[in-house]
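Engineer: Its first residue numbered 74, the sequence shown is counted upward by one per residue in our numbering.
Even glycine gets a Cβ: it sits at the ideal position worked out from N, Cα and C.
In this text the structure is predicted, and so the values were computed from the model without any measurement.
After the structure tokens below, expect a handful of questions from me.
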Amino acid sequence: MRASSEPPNPQSATRESRRRISVVIHAQDPISQEGAVGQLRRHPEVALVDESDAQVGDVAVLLADLVDETTLTGLRRLVHDARLRVVLVASLIRRAELLDVIECGVGAIVWRREATGDRL
74 MRASSEPPNP
84 QSATRESRRR
94 ISVVIHAQDP
104 ISQEGAVGQL
114 RRHPEVALVD
124 ESDAQVGDVA
134 VLLADLVDET
144 TLTGLRRLVH
154 DARLRVVLVA
164 SLIRRAELLD
174 VIECGVGAIV
184 WRREATGDRL
């Protein structure tokens, strides 16, 4: 008795074994939050996590118009306390803040004007 007459499909096995990436979005305003969620929701490899469950995420995306002390505090909290890999999406980063962002341990910086679901 044969178990199956069809050969195994390596593509479906790869898809099934692929782990989804848990992503939590942090934004300063609800419109930016919903925009980022809408962009990432279309990607099956992304599992969106609520901000209240940030400890279970793999990656945090932090959206900020301007990098200021509040943004830097948020970056430090996400990287050091929550132990997440962080992507910063910003409209403007002055040279003085760039070093601070790097020292926070941010994994990637994406300019807001270039931020798409595929890019994130």
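Measuring CA to CA, which of Ser-125, Asp-154 and Trp-184 is closest to Leu-165?
Structural biologist: Trp-184
Engineer: Can you give the beta carbon distance from Leu-157 to Val-174, rounded, assuming they're within the 8 Å contact cut?
Structural biologist: Their Cβ separation, rounded to whole angstroms, is 15 Å, which puts Leu-157 and Val-174 out of contact at 8 Å.
Engineer: For Val-119, which residues of its own chain have a beta-carbon under 7 Å away from its beta-carbon, when the five flanking residues on both sides are left out?
Structural biologist: Within the same chain, Val-119 has close Cβ partners Arg-93, Ile-94, Val-96 and Leu-113.
Engineer: What residue ranges within the stretch 106-153 form continuous beta strand (DSSP E) runs of no fewer than 3 residues, ordered along the chain?
Structural biologist: 119-122 and 132-139
Engineer: So, is Leu-151 buried or exposed, given that buried needs 16 or more other C-beta atoms within 10 angstroms?
Structural biologist: buried
Engineer: Measuring only the C-alpha atoms, how far is Pro-117 from Glu-142?
Structural biologist: 34 Å
Engineer: Return the chain-ordered list of same chain residues with a C-beta closer than 7 Å to the C-beta of Cys-177, the five sequence neighbours on each side being excluded.
Structural biologist: Leu-145, Leu-148, Arg-149 and Val-152
Engineer: What first and last residue would you give for the alpha helix (DSSP H) that runs through Val-174?
Structural biologist: Element bounds for Val-174: 168-177.
Engineer: Return the residue from the list Arg-167, Val-159, Gln-106 and Gln-101 that minimises the CA-CA distance to Ala-181.
Structural biologist: Val-159
Engineer: For Ala-133, decide whether its Cβ has a neighbour in chain B, counting only Cβ atoms nearer than 8 Å.
Structural biologist: Of the chains in the structure shown, none is chain B; there is only one protein chain.
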